[in-house]
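Q: Under my numbering, the first residue of the sequence shown carries the number 2, and numbering increases by one thereafter.
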Amino acid sequence: MLATARTFTLDGIASGPVRAEVDVHRGLPSFSIVGLPDAAVREARERVRAAISNCGFEFPLRRITVNLAPANVRKAGPGLDLSIAVAVLAASGQLEGADISSTCWVGELALDGSTRAVPGVLAMAEAARRDGADSIVVPVANGSEAALVDGIRVIAIDSLSQVTEVASGRWQGADPEPFRHLSGRNGPGPDLADLRGQSRLRLALEIAAAGRHNLLMIGSPGVGKSLAARRLPSILPAMSEEETLDVARVASACGLLDERRLDQRPFRAPHHTISAAGLVGGGNPPRPGEVTLAHRGVLFLDEICEFSRDSLEALREPLEAGRVSIVRAGTRTDLPSRFMLLAASNPCPCGRGVHDSDCNCPPESVRRYESKLSGALADRIDMVVELSTPNAIEISGSPGESSAEVRDRVETANERQLFRLEGGGSNADMDPETARIQPLKPEARQMLTEAYARDRLSGRAHDRVLRLVRTIADLAGHEEADAGDMAQALGLRRRGSS
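#1: Rounded to whole angstroms, what's the CA-CA distance from V385 to L342? Just pull it up for me.
#2: Given a cut-off of 7 Å on the beta-carbon distance, is the pair F9 and V23 in contact?
#3: Would you check if the distance between the CB atom of P350 and the CB atom of S372 is smaller than 7 Å?
#4: Please determine, among A488, W106, R329, the residue with the shortest C-alpha to C-alpha distance to A474.
#5: From S103, A111, L112, L469, pick the residue whose C-alpha is nearest to that of V138; which is it?
#6: Using only the alpha-carbon positions, how far apart do Q95 and D151 sit?
#7: Using a threshold of 6 Å, is the CB atom of L110 nearer than that to any non-hydrogen atom of the ligand FMN?
#8: For the pair the stretch 468 to 484 and the stretch 450 to 460, tell me if three or more CB-CB distances fall below 8 Å.
#9: Between the C-alpha atoms of E395 and G198, what's the straight-line distance to the nearest angstrom?
#10: If you compare alpha carbons, which of V87, S93, G121, R7 is closest to E166?
#11: Pull the bridge partners of E109 from the DSSP assignment, please.
#12: Rounded to a whole number of angstroms, what is the C-alpha to C-alpha distance between D135 and R154?
#13: Count the other CB atoms, across all protein chains shown, that sit within 10 Å of the CB of P140; report buried if there are 16 or more and exposed otherwise.
#14: Is it buried or exposed, S338, if we count other Cβ atoms within 10 angstroms and call 16 or more buried?
#15: Quick one: grab the DSSP three-state call for R7.
#16: Could you tell me the distance, in whole angstroms, from the CA atom of L300 to the CA atom of A270?
#17: Under 7 Å, do A128 and G401 count as touching if we go by C-beta distance?
#18: Compare the Cα-Cα distances from P287 to each of I275, E304, R329, R297 and report the closest residue.
#19: So, do the stretch 426 to 437 and the stretch 219 to 229 have three or more beta carbon pairs nearer to each other than 8 Å?
#20: Measuring CB to CB, does L336 end up less than 7 Å from G282?
#21: Can you tell me whether S358 is buried or exposed, with buried defined as 16 or more other CB within 10 angstroms of its CB?
#22: Less than 7 Å separating the beta-carbons of N143 and A175?
#23: Need the endpoints of the alpha helix (DSSP H) that N347 sits in, please.
#24: Per DSSP, what kind of secondary structure is S31 in: helix, strand or coil?
#25: Over what stretch of residues does the alpha helix (DSSP H) that includes E423 continue unbroken?
#26: From S253 to L11, what distance separates their C-alpha atoms?
#27: Counting beta carbon pairs with one atom in the stretch 227 to 239 and one in the stretch 433 to 446, are three or more of them shorter than 8 Å?
#28: Within 10 angstroms of the Cβ of P238, are there 16 or more other Cβ atoms? Answer buried if so, exposed if not.
#29: If you follow the beta strand (DSSP E) that D335 is part of, which residue opens it and which one closes it?
#30: Pull up the CB-CB distance for R468 and M431, whole angstroms please, since I reckon it's below 8 Å.
#31: Based on Cα-Cα distance, which residue from G190, H479, N392 lies nearest to A405?
#32: Whose CA, out of L374, I158, A147, E146, lies closest to the CA of E307?
#33: Grab me the residues of L294's own chain with a C-beta within less than 7 Å of its C-beta, minus the 5 sequence neighbours each way, in chain order.
#34: Pull up the CB-CB distance for S346 and I305, whole angstroms please, since I reckon it's below 8 Å.
#35: Counting only runs that start and end within the stretch 362 to 436, where is the beta strand (DSSP E) found for 3 or more residues in a row?
#36: What residues in its chain sit with their C-beta under 8 Å from that of L149, if we drop five residues either side in the sequence?
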């Protein structure tokens, strides 16, 4: 007999439909899986065999062929176990009269038949809805994330033995409750009030948060770079429902979805020894890297000049396009990467800075250190802030503004952006045409024209200044950016002390 069960496989963070076609007929007992399965899918034979036997079913001692269609798409991961087992049971006549064609089946099986969570169930549930399925069966551990998707019934089972009830329509189990924490409001964390002094850095952080601009901090060890970076998420505006689902989709595909984390933007801080593939994604099949895990949030590169040149240069495409394209063996995988880049660097290899009498770094060593950050990458950074060590009075003085106070101004500016851009993202995401038509007073435009010629700005830098000045104007409540806003934007693109 022949039976088919519908399921899905992951491609990056997206999900592609798969049909598990099972043929059971007379012949020497065998169990083969075809259709470009990876090692985890091929090993499903032993898991499915044991799960069927241990759940009270009879494993057919016949010639079993499983075809995973379409045959030209590589299938990866253990999430196909449940669909293969259901199709084997149907093809061997053990689900007689049951309809399995309108349901999608996703899950890994243990040897005793119990189900285990698999990554990417949120994307699979969305794909099942698009595919016109009536319901999707998932492991209990994946039930809440699948239930985030409206328009499809989610059935969460904890054992293969429950398949008979589900397939026959007699299932009486309770529908899983979706995750509730989808407010997008940043949860409790370190407060910006802990950052003493550094008024110029506090201003840059506020502007960066309001418009999602990239920021580079330069200063000696201990001046507050890492402390400030860890507090940036506390002043970011709340995520919209669409942004929250984007974050949940990425986390689900990477097996990192946690209800407690759905109320805050991602904050990723990889170590400087990370490879280019680890940073932007790679492997076969392609897996998301740190830039995708930071989608809709912050990517913090501490000691950016210690990262390898290859890793840093790989950031250029995601910073510009908000997306990473990975091509492997004729297949192309697109991964989202719309993130804020927050970077920190010492002024020189020893960290003291060439203006410090204790710095003994030779000029060639300093040039080599700074060359890790190429001109092309530096051009994509909107603001550069040089920091000096706070004095004793600043360190021991009263704390600065709290995160809550700063976040109120950031959210007000964010609302202005969303209204002006008709909900279409942030100022940093504006395309060049949109940035150039933003209202700008004549004296401000004249200042930009003079700076373009004097500082030999690139076309990209010119457009980034326009985006930055728009955010500064939004924070100030100006309909038209004026000369003061432009002076501040141009000053933040140049190196300057706090």
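Just so it is clear, CB atoms sit at the ideal spot from N, CA and C, and this is done for glycine as well.
A: Once the coordinates are examined:
#1: Cα-Cα distance, rounded: 12 Å.
#2: No; because the gap between Cβ atoms is not below 7 Å, this pair is not in contact.
#3: No. Outside cutoff.
#4: Per the Cα distances, A488.
#5: Closest by C-alpha distance to V138, out of S103, A111, L112, L469, is S103.
#6: Whole-angstrom Cα-Cα distance: 32 Å.
#7: Among the components modelled here there is no ligand, and therefore nothing to report on the ligand FMN.
#8: No, because fewer than three Cβ pairs between the stretch 468 to 484 and the stretch 450 to 460 fall closer than 8 Å, the two stretches do not touch.
#9: Going by C-alpha positions, E395 is about 5 Å away from G198.
#10: Nearest in C-alpha terms to E166, of all of V87, S93, G121, R7, is V87.
#11: Looking at the DSSP output, E109 shares a beta bridge with R117.
#12: In a straight line, the C-alpha of D135 is about 7 Å away from that of R154.
#13: Classification of P140: buried, given that the 10 Å Cβ count is 16 or more.
#14: S338 is buried by the Cβ-count criterion.
#15: DSSP places R7 in the strand class (E or B) of the three-state scheme.
#16: About 6 Å.
#17: Not in contact: A128 and G401 (Cβ atoms no closer than 7 Å).
#18: Out of I275, E304, R329, R297, R329 has the C-alpha closest to the C-alpha of P287.
#19: No, they do not touch.
#20: When the beta-carbon positions are compared, L336 and G282 come within less than 7 Å of each other.
#21: The C-beta of S358 has fewer than 16 other C-beta atoms within 10 Å across all chains shown, which makes the residue exposed.
#22: With contacts defined by Cβ atoms closer than 7 Å, N143 and A175 do not form a contacting pair.
#23: Careful: N347 lies outside any alpha helix (DSSP H) and carries neither H nor E.
#24: Assigned with DSSP and collapsed to three states, S31 falls in strand.
#25: Careful: E423 lies outside any alpha helix (DSSP H) and carries neither H nor E.
#26: Each residue's alpha carbon lies about 11 Å from the other.
#27: With the cut-off at 8 Å, the stretch 433 to 446 and the stretch 227 to 239 do not touch.
#28: Per the 10 Å Cβ criterion, buried.
#29: Note, D335: beta strand (DSSP E), 332 to 337.
#30: Yes, they are in contact, since the Cβ atoms of R468 and M431 sit about 6 Å apart, within 8 Å.
#31: Answer by Cα proximity: G190.
#32: Looking from the CA of E307, the closest CA among L374, I158, A147, E146 belongs to L374.
#33: V251, C255, P267, R269.
#34: With a Cβ gap of about 5 Å, S346 and I305 count as contacting.
#35: Whole beta strand (DSSP E) segments, 3+ residues: 384 to 387.
#36: Excluding positions up to five away in sequence, the list reads L123, A126, P179, F180, L183, L246, A249.
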